[in-house]
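Report on one structure; see the data block that follows.
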Amino acid sequence: MLYDQIWLGSYMETSGGVGFTQYATAAYTDNILDDFTYFGKEYVEDKYGITEAPNTMDTVLDVASEVTFYGLEQYEEYPSLLEDQFGGSQRAAVTAAASACSTGFATGNAQTALSGWYLSMYLHKEQHARLGFYGYDLQDQCGASNVFSIRGDEGLPLELRGANYPNYAMKSDPGPVDCRGL
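The opening position of the sequence shown corresponds to residue 71 in my numbering, with each subsequent residue numbered one higher.
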C-alpha cells in the first residue's frame, strides 16, 4: 500500500493533479486519520484480535466497511470536520487509508489491506457519487483488479500485481525531468 501511495503521490503531483492532497494527507489532517484508524484497530481487537482474522474477502468486507462507514458518518455528523478536509479526494484517501490499516491489523496481510483500501473507495463513491472532482477519481477505481493477480511486477515478487500495473493512466508520464538547463 505504501508503494502505491508514494508512486501515486509523485505521479499525480508531477502531472499537475491532486496528488499532493492524497500524498500528504496524513501530515495535515488534524488527527482525523488517527481517529478513524484507532476506531478500526479497536474494532479489530474486539472482534478478531490483532492479526488473528482469517485472510478472506469476508474479513475485508467486514472491517473495511465498518471503518469506511464510521468515517463517512463522522463527516456527516461534524460539519467542521467536512470543512477541514475541503476536497473529496482528501476524504476518500483518509477513509481508505484507515480502512486499509484496519484490515491489515485484522489479517496481517498487505494484499488484504490493499483490498480494504479499494473497497473503501467503492463504498465512498457509492454513497457520494464521486470521490474527487472531474476525472481525477479514476486512479482510485481501477486498482482492485490487480490486487490478487498472478503476474508479479519486477523487483517485488511477493507483491503480486497485474500485467498493466500501474494502470493509473491519466496522462503519459515521460519519467524523470532533467532540470540541469533551468
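The C-beta atom is built at its ideal place from N, Cα and C for all residues, glycine as well.
Item: Residue 134 beta carbon less than 8 Å from that of residue 64; Value: For residue 64 there is no data in the structure shown, the boundaries of the chain being 71 and 252.
Item: Buried versus exposed, by CB contacts within 10 Å (16 or more), residue 145; Value: buried
Item: Option nearest residue 101 by Cα separation, candidates 126, 155 and 112; Value: 155
Item: Beta-carbon separation (whole angstroms), residue 186 vs residue 170, contact threshold 8 Å; Value: 5 Å
Item: Spatially closest choice to residue 127 from 173, 196 and 112, by CA coordinates; Value: 173
Item: Option in 116, 129, 105 and 139 with minimal Cα separation from residue 190; Value: 139
Item: Straight-line gap, residue 110 to residue 117 (C-alpha atoms, nearest Å); Value: 10 Å
Item: Cβ-Cβ distance between residue 168 and residue 107 below 8 Å; Value: yes
Item: Rounded Cβ spacing between residue 182 and residue 137 (contact assumed at less than 8 Å); Value: Contact flag wrong, Cβ pair sits at about 14 Å.
Item: Range covered by the alpha helix (DSSP H) that runs through residue 119; Value: No alpha helix (DSSP H) contains residue 119, which DSSP labels as neither H nor E.
Item: Per-residue burial, residue 197 [other beta carbons within 10 Å of its own, 16 or more giving buried]; Value: exposed
Item: Pairwise C-alpha distance: residue 195 and residue 180; Value: 23 Å
Item: Length of the line joining the Cα atoms of residue 112 and residue 193; Value: 21 Å
Item: Backbone secondary structure at residue 148 - three-state DSSP; Value: coil
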